[in-house]
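Throughout the sequence shown, residue numbering follows the working numbering, covering 115 to 221 in sequence.
Think of the CB as a built atom: it goes at the ideal place given N, C-alpha and C, for glycine as much as any other residue.
Here is the structure we will look at.
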Amino acid sequence: MQGVQGPMTFAGHHYFDGSVPTFDITGTADKVHFVGKKNDGIPAPATADKGITGSGAVDWLQLGDAGTSSGATLAYRVFTAGGVAAACTEAGQTDSVPYTAQYWFYG
């Protein structure tokens, strides 16, 4: 990541439970379990890194607590690179597109 000095420390896991973004941050003194819902979003800047597949950068988001979080009530996804999926042409298809982002947790 541009501007990062040295190796980054593992902080936790991000996954989807159904279509709900979930984060388990266990690599810090303050443990966080965040289950998010989209409050707002904006397109990534035109100058954002398109990612290793060249797909384009996913939107920057503000996520609120979906009601079952502990340790945080608000999260921001910013400085995204990649992650834009191609349109599916058949029902039931799945896709995985690599991306990088910074997530900031508050509250």
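Secondary structure at threonine 140: coil, using DSSP grouped into helix, strand and coil. Using a Cβ distance threshold of 8 Å, aspartate 131 and isoleucine 156 do not count as a contacting pair. Residue pairing by DSSP puts alanine 189 in a beta bridge opposite Leu177 and Phe219. Following the DSSP letters along the chain, one finds isoleucine 156 inside the beta strand (DSSP E) bounded by residues 146-156. Contact check between the stretch 133-149 and the stretch 162-169: fewer than three CB pairs, one atom from each, fall below 8 Å, which does not count as touching.
Among the bridge pairs identified by DSSP, valine 172 is matched with none. Assignment of beta-bridge partners to serine 184 by DSSP yields His147. The Cβ neighbour count for glycine 197, taken over all protein chains shown within 10 Å, is at least 16; the residue is labelled buried. Rounded to the nearest angstrom, the Cβ distance from glycine 150 to alanine 180 is 6 Å, consistent with a contact under 8 Å.
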